[in-house]
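J.: Below you'll find the structure I mean.
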Amino acid sequence: MKRSPLVPVLAAGALSATIDIVYACSFHFFNSGVPPLRILQTIASGLLGTASFDGGAASGALGFAAHYFILIVAAGIYYAASRRWRFLVERAFVGGVVFGVGIWLTMNFVVLPLSAAPPFKLSWSLGSVTNALVHWFVLGPVIALTLERLARTPVPHEMHE
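Numbering (our numbering), first residue to last: 13 to 173.
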């Protein structure tokens, strides 16, 4: 019997999104005093532009939802790819690191430049470097390892008589 990928994909995406948002809010609050609402509004600025920063809790909620949506979609992409290329399951951590690099590249060089977010420039700042490292070595592997664990295809056991 084939299991639905919905629960594993939702779990992997939600877990990685939670880790990422806790990291981002904690890092920016303790490093530069930026409140968590501002982080969520920054995410929403991808959809609303600078108007997001005047939107209060509503734009923060939009940023929260957008963040989870993006990482759940990413988990769905990894799941679909792992059904085609088994090494993504067999070597989940390595596949996850490669996927994390892919998420980071896609966000920084495709999604953000095409979004309504204010322009930004990549740098070697502590924030930029830790952001990259978290994507590469945490978010991608969390998605891959969670899916590897939760989306295993059951192997029928031989009947012994």
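Don't be surprised by glycine CBs; every beta carbon is placed ideally from N, CA and C.
Would you call E160 buried or exposed, if buried means 16 or more other Cβ atoms sit within 10 Å of its Cβ?
T.: Result: buried.
J.: Quick check: the Cα distance between T158 and G72, rounded to an integer number of angstroms?
T.: Distance between the alpha carbons of T158 and G72: 27 Å.
J.: Please report the Cβ distance between P20 and A129, rounded to the nearest whole angstrom; I am assuming they are in contact, meaning their Cβ atoms lie under 8 Å.
T.: Their Cβ separation, rounded to whole angstroms, is 30 Å, which puts P20 and A129 out of contact at 8 Å.
J.: Hey, out of P131, M119 and A144, whose CA is closest to H79's CA?
T.: For H79, the nearest C-alpha among the options comes from M119.
J.: Mapping the DSSP letters down to three states, classify V46 as helix, strand or coil.
T.: Coil at V46, not helix or strand.
J.: Tell me the rounded alpha-carbon separation between T62 and W116.
T.: Looking at the two C-alpha atoms, the distance is approximately 23 Å.
J.: In terms of residues, what are the limits of the alpha helix (DSSP H) holding G114?
T.: Element bounds for G114: A104 to T118.
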